[in-house]
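**Q** Read the sequence shown against this note's numbering and you will find it ends at 191, with the numbers running on by one and no gaps.
All residues carry an ideal CB built from backbone N, CA and C; glycine is no exception.
If you're wondering where the values come from, they're calculated on a predicted model, not measured in any experiment.
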Amino acid sequence: MIDQEQLISYHTISLGAMTREGDTLAEISELDSEGAQQRRTLHVPAGLPGERVTIAVEAPAQPRPGRHRRRWKPRPPRVWITGIHEPSPLRVQAACPVFGTCGGCQLQHMQYDAQLAWKRSIVEQLLRDTGGFANPPLLETVPCDNPWHYRN
Numbered sequence: 040m041i042d043q044e045q046l047i048s049y050h051t052i053s054l055g056a057m058t059r060e061g062d063t064l065a066e067i068s069e070l071d072s073e074g075a076q077q078r079r080t081l082h083v084p085a086g087l088p089g090e091r092v093t094i095a096v097e098a099p100a101q102p103r104p105g106r107h108r109r110r111w112k113p114r115p116p117r118v119w120i121t122g123i124h125e126p127s128p129l130r131v132q133a134a135c136p137v138f139g140t141c142g143g144c145q146l147q148h149m150q151y152d153a154q155l156a157w158k159r160s161i162v163e164q165l166l167r168d169t170g171g172f173a174n175p176p177l178l179e180t181v182p183c184d185n186p187w188h189y190r191n
């Protein structure tokens with residue numbers, strides 16, 4: 040049950056780098072409750088770096104009055120792409136008809152070679168940050184013969 044109406048704001052922005060979770064970063068400016076500009080970094084699912092998109096941002100719910108108010112922590116805002124104005128050259132049509140709704144394959148909209156390079160960069164960065172390697176000794180990424188059904 041929704042007690043209050045959720046506010047949704049729309050922003051046209053350029054997407055930044057990809058996170059390890061597969062989201063892209065976006066920075067927006069909004070007015071806070073006092074009227075001052077506030078910059079926020081958001082995680083945008085199904086985007087690719089460099090794309091110019093319009094996103095919808097749902098304002099997080101406010102705490103309900105009651106005894107647990109002290110322990111209440113706001114959830115991050117829900118964000119989704121409503122329009123792609125300048126697609127990335129890495130973008131492809133997702134093969135799955137339920138892509139974006141089921142959450143099973145978050146990278147179907149990205150070319151397979153770019154997926155492999157992105158995954159390799161994550162491993163390389165983790166070895167630098169956590170393992171202390173200046174130049175991590177990585178083997179080449181081995182692609183699947185068929186990028187679909189690889190879990191079978």
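(1) Check whether the segment 114–130 and the segment 82–101 touch, using three or more Cβ-Cβ pairs below 8 Å as the test.
(2) What is the DSSP secondary structure of residue 187, counted as helix, strand or coil?
(3) For the beta strand (DSSP E) that residue 76 lies in, which residues bound it at each end?
(4) So, helix, strand or coil for residue 181, using DSSP?
(5) Which full runs of the beta strand (DSSP E) of 3+ residues lie inside the segment 108–153, going along the chain?
(6) By the 10 Å Cβ neighbour count, where 16 or more other Cβ atoms means buried, how is residue 127 classified, buried or exposed?
(7) What did DSSP end up calling residue 159 once you bin it into helix, strand or coil?
(8) Going by CA-CA distance only, name the one from 139, 176, 186, 174 that's closest to residue 155.
**A** So, from the data block:
(1) yes
(2) Translated into positions along the sequence shown, residue 187 becomes position 148. Coil at residue 187, not helix or strand.
(3) Counted from its first residue, the sequence shown places residue 76 at position 37. Note, residue 76: beta strand (DSSP E), 76–83.
(4) Residue numbering aside, residue 181 sits at position 142 when the sequence shown is read from its first letter. DSSP places residue 181 in coil when its eight states are reduced to three.
(5) 117–125
(6) Working through the sequence shown from its first residue, we reach residue 127 at position 88. With 16 or more other Cβ atoms within 10 Å, it is buried.
(7) On the sequence shown, position 120 is the one that residue 159 refers to. Three-state result, residue 159: helix.
(8) On the sequence shown, position 116 is the one that residue 155 refers to. Residue 186 is the option with its Cα nearest to residue 155.
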